[in-house]
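In my numbering, each residue's number is its place in the sequence shown (first place is 1) plus 554.
Just so you know, even glycine gets a beta-carbon here, dropped at the ideal spot from N, CA and C.
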Amino acid sequence: MPSLFGSVRAKALFALACVPLLLLSACGNNGNGGGAGTTGSNTSKNASISITVGGKLDTESQLLTKLYTLVLRDQGFKVNEKPAFGNNTIVFQGIKSGAIDLYPEFTATGLDALKKTSTLDDQKDYDTVKAGFKDQFQIDWLDYSPLNDTYAICAKDGNSMGLKTVSDLTAKAKQITFDLPSDSAYVVDYLKAKYGLTMQSFKATHKVDYAIGFKEVAGGQADANFCYSSDNGINVNKLVALQDDKHAFPAYHPAPIVRDSVLQKAPAIKDALNALAPKITTDASLQLQKDVDANAAQGMSKSKAITEAATKFLKDQGLCKNGCQ
Numbered sequence: 555m556p557s558l559f560g561s562v563r564a565k566a567l568f569a570l571a572c573v574p575l576l577l578l579s580a581c582g583n584n585g586n587g588g589g590a591g592t593t594g595s596n597t598s599k600n601a602s603i604s605i606t607v608g609g610k611l612d613t614e615s616q617l618l619t620k621l622y623t624l625v626l627r628d629q630g631f632k633v634n635e636k637p638a639f640g641n642n643t644i645v646f647q648g649i650k651s652g653a654i655d656l657y658p659e660f661t662a663t664g665l666d667a668l669k670k671t672s673t674l675d676d677q678k679d680y681d682t683v684k685a686g687f688k689d690q691f692q693i694d695w696l697d698y699s700p701l702n703d704t705y706a707i708c709a710k711d712g713n714s715m716g717l718k719t720v721s722d723l724t725a726k727a728k729q730i731t732f733d734l735p736s737d738s739a740y741v742v743d744y745l746k747a748k749y750g751l752t753m754q755s756f757k758a759t760h761k762v763d764y765a766i767g768f769k770e771v772a773g774g775q776a777d778a779n780f781c782y783s784s785d786n787g788i789n790v791n792k793l794v795a796l797q798d799d800k801h802a803f804p805a806y807h808p809a810p811i812v813r814d815s816v817l818q819k820a821p822a823i824k825d826a827l828n829a830l831a832p833k834i835t836t837d838a839s840l841q842l843q844k845d846v847d848a849n850a851a852q853g854m855s856k857s858k859a860i861t862e863a864a865t866k867f868l869k870d871q872g873l874c875k876n877g878c879q
């Protein structure tokens, strides 16, 4: 999820990718897009390698951590999972110190770590963090996912004003009451640059707690609210995230980041997680979070609810070749 510490995927040529993979896995077409499936012998070789996978505190990040963990275990790796390891600062320090070997990070958060601003071009931002982390921290970014957990404006699904895009919102701003947290005025700065919107553009603005914004829009006390584009509150309150049609907000695409020393020891990590990357979309994340809530409603602990939802997703996507245990 975005924070103040805070894609065409970068792909190596197949021939070059095969060279390091000879260390741990056979290179070749296995019928699963170059690495999605691993033969029994290769899975056995991976069993000698231990990997510690960490993650952040929110539910979406815990789901990403679980997906990475299950995919790597399915390929035979011994995975020590540390979900909810900490906030942005703690997980970043963890991977640099060696307390964890990899975790899901977001592109715009990576820019913050490098003290760089977004170009608002997804691929350029990814290329910047990939090169910068490699150079400064000896950490590699694997392929990023289509999921974009960026800033957004939410409105009621099927709203009477017909709001579908932020441009629609701009055209009707004088009729709209807008909710946002008191510490999120910077969101309007993004809107001003591309849409010409300011706080004064709206009929009224309410500065409320983030969660209250969802409730007010759902209940009709406001017409739109600041949100994150893959927040499960969108599902729960029957809202939609308006399309950022002028691309005002920086992209927060998740990707596994791995210390170079770990990737050199276990290059098969790259194929396993890159096969997962394109499956993780914004819609997929929202559905996974919805499934977690449904599982929890049946009395499961949060940990078990996340595991069940992630396992089902991977099986549905054909990424559990060996059972995802």
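Given this structure, state the Cα-to-Cα distance separating residue i from residue j, to the nearest angstrom.
i	j	result
ASN642	MET854	27 Å
PHE687	ALA739	30 Å
LYS748	LYS800	6 Å
ILE693	ASN713	45 Å
VAL625	ALA850	23 Å
GLN775	ILE707	16 Å
ASN583	TYR698	In this prediction, ASN583 scores a pLDDT of 33, lower than 50, which makes its location untrustworthy; the coordinate-derived value is nonetheless stated afterwards. Each residue's Cα considered, the two are about 22 Å apart.
ASP711	LEU796	10 Å
LEU558	SER598	Residue confidence for LEU558 is low, a pLDDT of 37 falling below 50, so the modelled location carries little weight; the figure read from the coordinates is stated next. Roughly 42 Å between the two C-alpha positions.
GLN690	MET753	39 Å
LEU868	GLN852	21 Å
GLY872	PHE756	47 Å
LYS678	PHE780	26 Å
PHE732	GLY652	44 Å
MET715	LEU674	28 Å
LYS819	ILE654	15 Å
GLN685	LEU696	Here residue 685 turns out to be Ala, not Gln, going by the sequence shown. Roughly 12 Å between the two C-alpha positions.
SER672	ASP763	27 Å
ALA709	ASP666	29 Å
THR724	GLY767	19 Å
ASP737	CYS874	42 Å
VAL720	THR682	27 Å
LYS636	ILE644	12 Å
LYS669	ASN786	29 Å
ILE788	ASP847	13 Å
ARG627	LYS650	23 Å
LYS610	TYR782	16 Å
ILE730	ASP743	18 Å
LYS761	GLY773	16 Å
GLY648	ILE823	19 Å
Take residue i as the anchor and find which of the options has the nearest alpha-carbon.
i	options	result
LYS792	VAL771, ASP847 and LYS800	VAL771
LEU827	THR623, ILE603, THR606 and SER604	THR623
THR836	LEU618, ASP681, LYS599 and TYR657	LEU618
GLY877	GLN629, ASN600 and THR606	GLN629
VAL633	GLY716, LYS610 and ASN600	ASN600
THR606	VAL816, PHE867 and PRO832	VAL816
ASP722	LYS858, LEU751 and TYR744	LEU751
GLY718	VAL794, ILE823 and TYR705	It is worth fixing the name first, because residue 718 is Lys in this sequence and not Gly. Selected option, being the one with the closest Cα: VAL794.
GLN843	ALA831, PRO832 and VAL790	VAL790
ASP870	LYS856, LEU830 and ASP847	LEU830
ASP798	LYS746, ILE649 and VAL762	LYS746
LYS866	LEU621, GLU614 and ASP612	LEU621
ASP612	SER784, THR682 and GLY767	SER784
ASN702	THR724, THR682 and ASP676	ASP676
PRO821	PHE631, LYS610, GLU614 and GLN616	PHE631
LYS726	PRO832, ALA848, ASP777 and ASP847	ASP777
THR663	ILE649, TYR680, GLY648 and GLN616	TYR680
On the premise that residue j lies in contact with residue i, defined as a C-beta separation below 8 Å, what is that separation, rounded to the nearest angstrom?
i	j	result
PHE646	GLY608	In fact, because the Cβ distance is near 10 Å, the residues do not count as touching under 8 Å.
PRO700	ILE834	7 Å
THR704	LEU734	Not confirmed; about 15 Å, so no contact.
SER839	GLU614	6 Å
Quick check: is the beta carbon of residue i nearer than 9 Å to any beta carbon in chain D?
i	result
ALA776	Among the protein chains of the structure shown there is no chain D, as only one such chain exists.
Worksheet item: In the region 636-721, which residue ranges form an unbroken beta strand (DSSP E) of at least 3 residues, counting only runs that do not cross its ends?
Response: 656-660, 693-695 and 705-710
Discussion item. At 3 residues or longer, what runs of the beta strand (DSSP E) sit wholly inside the region 763-819?
Written reply: 778-782, 793-795 and 808-813
Worksheet item: Do the region 803-815 and the region 854-868 make contact, defined as three or more Cβ pairs closer than 8 Å?
Response: no
Discussion item. Under 8 Å, with one C-beta from each stretch per pair, do the region 810-824 and the region 649-664 reach the 3-pair mark?
Written reply: yes
Discussion item. My parser needs the alpha helix (DSSP H) runs of 4 or more residues fully inside the region 589-630; what are they?
Written reply: 594-600 and 613-628
Practice prompt. Note down, one range per segment and in chain order, each beta strand (DSSP E) of at least 3 residues found wholly within the region 715-760.
Written response: 731-734
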